[in-house]
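One structure is given here, and the rest of the page talks about it.
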Amino acid sequence: MTTKKIALISLYPSEAKDIPPLASLYLATALTMNGFDAKIIHKNTEAIGSIMSEVVDYNPDLIGMSVFTGYNNKKSVELSKSLKAGGYKIVWGNAHPSLLPEQTLREPSVDFVVMGEGEETLLELVKNLDAPGKYYSIKGLGFKDEKDNIIINKKREFINPDSYLIDWSLINIEDYLQPYFSNKYKRVLLVTTSRGCPFNCQFCYNLVFNNRRWRAHSAKKIIENLKPIIEKYKIDALRFIDDNFFVDKERAFEIVRELNVPYFAEARVEYVDEGFVNNLKETKCQEIMFGFESGSDRILKEVIKKGTTTKDTIRAVTLLKDSKIMVSGSFVFGFPGETKEEYRETMEFIIKLLKINNNLAFTCGWYLPYPGAGLYYKAIEDGFKPPEKIEDWDKFDRWLSNYKMDWIKWDYNLPVKYSRRIIHLLALAHKRNIPLLKSILNWRVKNLNFSFPIDIYIFSKLRNIYLFSGDKNIFNKIIRWSVKQAIKVKQ
Ligand code: B12
Ligand code: SF4
Numbered sequence: 168m169t170t171k172k173i174a175l176i177s178l179y180p181s182e183a184k185d186i187p188p189l190a191s192l193y194l195a196t197a198l199t200m201n202g203f204d205a206k207i208i209h210k211n212t213e214a215i216g217s218i219m220s221e222v223v224d225y226n227p228d229l230i231g232m233s234v235f236t237g238y239n240n241k242k243s244v245e246l247s248k249s250l251k252a253g254g255y256k257i258v259w260g261n262a263h264p265s266l267l268p269e270q271t272l273r274e275p276s277v278d279f280v281v282m283g284e285g286e287e288t289l290l291e292l293v294k295n296l297d298a299p300g301k302y303y304s305i306k307g308l309g310f311k312d313e314k315d316n317i318i319i320n321k322k323r324e325f326i327n328p329d330s331y332l333i334d335w336s337l338i339n340i341e342d343y344l345q346p347y348f349s350n351k352y353k354r355v356l357l358v359t360t361s362r363g364c365p366f367n368c369q370f371c372y373n374l375v376f377n378n379r380r381w382r383a384h385s386a387k388k389i390i391e392n393l394k395p396i397i398e399k400y401k402i403d404a405l406r407f408i409d410d411n412f413f414v415d416k417e418r419a420f421e422i423v424r425e426l427n428v429p430y431f432a433e434a435r436v437e438y439v440d441e442g443f444v445n446n447l448k449e450t451k452c453q454e455i456m457f458g459f460e461s462g463s464d465r466i467l468k469e470v471i472k473k474g475t476t477t478k479d480t481i482r483a484v485t486l487l488k489d490s491k492i493m494v495s496g497s498f499v500f501g502f503p504g505e506t507k508e509e510y511r512e513t514m515e516f517i518i519k520l521l522k523i524n525n526n527l528a529f530t531c532g533w534y535l536p537y538p539g540a541g542l543y544y545k546a547i548e549d550g551f552k553p554p555e556k557i558e559d560w561d562k563f564d565r566w567l568s569n570y571k572m573d574w575i576k577w578d579y580n581l582p583v584k585y586s587r588r589i590i591h592l593l594a595l596a597h598k599r600n601i602p603l604l605k606s607i608l609n610w611r612v613k614n615l616n617f618s619f620p621i622d623i624y625i626f627s628k629l630r631n632i633y634l635f636s637g638d639k640n641i642f643n644k645i646i647r648w649s650v651k652q653a654i655k656v657k658q
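For the sequence shown, counting from 1, position 385 maps to 552 in our numbering; every step adds exactly one.
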């Protein structure tokens, strides 16, 4: 019997080429540990044309594709169709097919879906690939029977994370070391040490995908796994992208203490107290990111059930103020049931936070109705019509924010167009102390007035000048100096 070969494809947007394909790595590790051959194909969404020839050369028995909800849905369907035309068997995994297995299987080019964690379900599928009768007993699998009926099996129990630790030799790590913190660290690797999250945020995929169960590698195993590659590849910082790295704080701090490299991680605001801040400082934390989500306590409590309050956020931001740790936070607008006044409350809250701590950075986006999570049903009640075909979910792209939000009952067009720019400018105005910019933006937020946005355009252009690596470039230096004089910036 020849060894089965599995190609694992994941597509990334151009700006994310340095993020290692962690899902494919875990899956390839499980397959190779069990004697199968696996090839990771990690390609830019703009370069999917070249995948076909790579697949033909490899000639796999099965092709796995990793798909989220968002803009690569359409590209993934296109790719699936052309691969299918080549006669290959195709399985989709990751969040989107896990949340919408039936809709995914209605796409003729998809033969199987794996729901939830993939290691053991994929292994069983590969072992039984030539025995369709066995498909019915593979937990976590969805497939089509010989009459093309869609069969969705029971969910699989969560695996013990320590059974599968990434075999880093399956990728060229050098390709995934990226600069971070304005080039302060040049060889930064993204890693994950746990899965899921025990909280109940009603907009989050975790509710359905991880059933609110948090599972983690033990500190000992993850240290054993990461320490050798940190040394071998001279990695100078790590970014932990766990959904919730600090659920077990003792475990998290043991990991970062032992690995002893600067790091970035995400946390919840209520975790922050003096002891937590001291531990962050002592373990060389460079940046900590929070889901602030909203400046309205009603939204936090009644709508998204975040389990935190604006008071918790203010406390966290205050306690971290003198720590030299960069604090970033994300806000989400346009939750079903959110009023225009509550949107304004969030914008004003951002100003309040910046007055407390001017070393803050924000990301913000408009609510996306991820299939299955609690608020998805509220969005439907309020007018959202979920796409019926897998490829039509590509509109729901957080960065474009140009999708129709039928669940919002007020005119969101201008806020969608300008909120992100205003927030970034607010952060700049406070960080660089630009009184003119602060006053204009305060006025805009207070009155929710986005008309004649000439100031927004001009300052956004100037913001880019600030971000230039200008010190080395005499031309940029002159512009920066003139701008500072003109608007009286205090450093
Ligand atoms: C890193 C990351 C990215 C990176 C890289 C993603 C990549 N190529 O791996 C970038 C920046 C590109 C990215 C972009 C986006 N992301 Co993202 N991202 C993440 C993040 C933080 C980590 C992903 C990860 O590596 N996890 C660790 C691995 C081990 O877990 P896993 O991915 O779940 O994989 C397991 C299973 O899902 C399954 N599986 C996964 N793939 C496959 C494939 C097969 C064949 C099989 C059988 C099984 C299987 O098995 C794996 C092992 O058990 C997650 C949050 C999180 N902590 O998971 C969000 C997350 C996955 N992203 C999300 C989203 C929505 C996006 C965007 C669509 C955002 C947008 N623009 O709107 C884009 C889409 C990008 C794209 N190309 O499709 C959502 C997904 C929700 C959903 N309903 O789909 C998440 C969960 C964040 C969130 N909380 O909302 N993302
Ligand atoms: S705390 Fe974060 S990861 Fe956990 S459920 Fe809420 S949004 Fe999701």
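Even for Gly, the Cβ is constructed at its ideal location relative to N, Cα and C.
Check: residue i C-beta below 6 Å from any heavy atom of the ligand ADP
{"i": "glycine 504", "result": "Here the bound small molecules are the ligand B12 and the ligand SF4; the ligand ADP is not part of this structure."}
Residue i burial status per 10 Å Cβ neighbour count (16 or more: buried)
{"i": "asparagine 569", "result": "exposed"}
{"i": "serine 649", "result": "exposed"}
{"i": "leucine 615", "result": "exposed"}
{"i": "proline 275", "result": "exposed"}
{"i": "valine 583", "result": "buried"}
{"i": "valine 439", "result": "buried"}
{"i": "lysine 378", "result": "Per the sequence presented here, residue 378 reads as asparagine, with lysine not at that position. Label assigned to asparagine 378: exposed."}
{"i": "lysine 473", "result": "buried"}
{"i": "asparagine 411", "result": "buried"}
{"i": "serine 181", "result": "exposed"}
{"i": "glycine 550", "result": "exposed"}
{"i": "alanine 594", "result": "buried"}
{"i": "leucine 165", "result": "Since the displayed the chain opens at 168 and closes at 658, residue 165 lies outside it and no answer follows."}
{"i": "serine 636", "result": "Interpretation of serine 636 is limited by its pLDDT of 44, a score under 50 that renders its predicted location unreliable; the figure taken from the coordinates is listed afterwards. Classification of serine 636: exposed, given that the 10 Å Cβ count is below 16."}
{"i": "tryptophan 577", "result": "exposed"}
Counterpart residues of residue i in DSSP-defined beta bridges
{"i": "asparagine 211", "result": "Tyr179"}
{"i": "phenylalanine 279", "result": "Val258 and Phe310"}
{"i": "glutamate 454", "result": "Phe431 and Met493"}
{"i": "arginine 406", "result": "Leu357 and Phe431"}
{"i": "leucine 362", "result": "Reading off the sequence, residue 362 comes out as arginine, not leucine. Looking at the DSSP assignment, arginine 362 forms a beta bridge with Arg382."}
{"i": "serine 233", "result": "Ser177 and Gly260"}
{"i": "glycine 474", "result": "Paired residue(s): none; glycine 474 is not in a bridge."}
{"i": "asparagine 500", "result": "Before going further, note that residue 500 is phenylalanine rather than asparagine in the sequence given. In DSSP, phenylalanine 500 forms a bridge with Trp533."}
Among the options, nearest to residue i - alpha-carbon criterion
{"i": "serine 361", "options": "His384, Pro346 and Leu374", "result": "His384"}
{"i": "leucine 405", "options": "Tyr347, Val375 and Lys519", "result": "Tyr347"}
{"i": "glycine 541", "options": "Gly237, Phe366 and Asn295", "result": "Phe366"}
{"i": "alanine 483", "options": "Ile215, Gly442 and Lys321", "result": "Gly442"}
{"i": "proline 620", "options": "Arg588, Ser349, Asn600 and Leu357", "result": "Arg588"}
{"i": "isoleucine 509", "options": "Asp334, Glu548, Pro602 and Ile575", "result": "Here residue 509 is glutamate; the residue named in the question, isoleucine, does not match the sequence. Glutamate 509 has its Cα closest to that of Ile575, out of Asp334, Glu548, Pro602 and Ile575."}
{"i": "alanine 183", "options": "Lys210, Leu175 and Arg511", "result": "Lys210"}
{"i": "asparagine 327", "options": "Thr199, Val428 and Glu286", "result": "Glu286"}
{"i": "lysine 448", "options": "Glu417, Pro429, Gly462 and Gly458", "result": "Pro429"}
Contact check, residue i vs residue j, beta carbons under 7 Å
{"i": "valine 470", "j": "glycine 504", "result": "yes"}
{"i": "phenylalanine 413", "j": "alanine 434", "result": "yes"}
{"i": "leucine 535", "j": "arginine 565", "result": "yes"}
{"i": "leucine 192", "j": "leucine 337", "result": "yes"}
{"i": "phenylalanine 325", "j": "arginine 380", "result": "yes"}
{"i": "valine 499", "j": "glutamate 460", "result": "yes"}
{"i": "isoleucine 408", "j": "leucine 357", "result": "yes"}
{"i": "leucine 175", "j": "alanine 195", "result": "yes"}
{"i": "leucine 246", "j": "isoleucine 215", "result": "yes"}
{"i": "glutamine 345", "j": "isoleucine 557", "result": "no"}
{"i": "valine 375", "j": "leucine 272", "result": "no"}
Residues near residue i by beta carbon distance below 7 Å, same chain, minus five either side
{"i": "valine 234", "result": "Asn240, Ser243, Trp259, Asn261, His263 and Pro264"}
{"i": "asparagine 201", "result": "Leu290"}
{"i": "glycine 501", "result": "Trp533, Tyr534, Met572, Ile575 and Tyr579"}
{"i": "aspartate 464", "result": "Thr476 and Thr477"}
8 Å CB neighbourhood of residue i in its chain, flanking five on each side removed
{"i": "methionine 219", "result": "Ser249, Leu250 and Gly253"}
{"i": "isoleucine 318", "result": "Tyr302, Tyr303, Gly309, Phe310, Lys311 and Asp312"}
{"i": "aspartate 329", "result": "His384, Ser385 and Lys388"}
{"i": "leucine 592", "result": "Leu604, Leu608, Ile623, Phe626, Ser627 and Arg630"}
{"i": "phenylalanine 420", "result": "Asn446 and Thr450"}
{"i": "glutamate 425", "result": "Ala386, Ile390 and Lys394"}
Close-in-space but distant-in-sequence residues of the same chain around residue i (CB under 6 Å, 5 per side omitted)
{"i": "lysine 172", "result": "Asp204, Pro227 and Asp228"}
{"i": "leucine 604", "result": "Ala596 and Phe626"}
{"i": "methionine 514", "result": "Val612"}
{"i": "methionine 493", "result": "Glu454"}
{"i": "tyrosine 537", "result": "Thr236 and Tyr372"}
{"i": "glutamine 658", "result": "Confidence is the limiting factor: at glutamine 658 the pLDDT is only 47, short of 50, which leaves the residue's position unreliable, though a coordinate-based value still follows. No residues qualify anywhere along the chain."}
{"i": "alanine 546", "result": "Pro503, Pro536 and Trp574"}
{"i": "alanine 197", "result": "Glu286, Leu290 and Tyr331"}
{"i": "glutamine 369", "result": "Ile471, Lys472, Gly541 and Leu542"}
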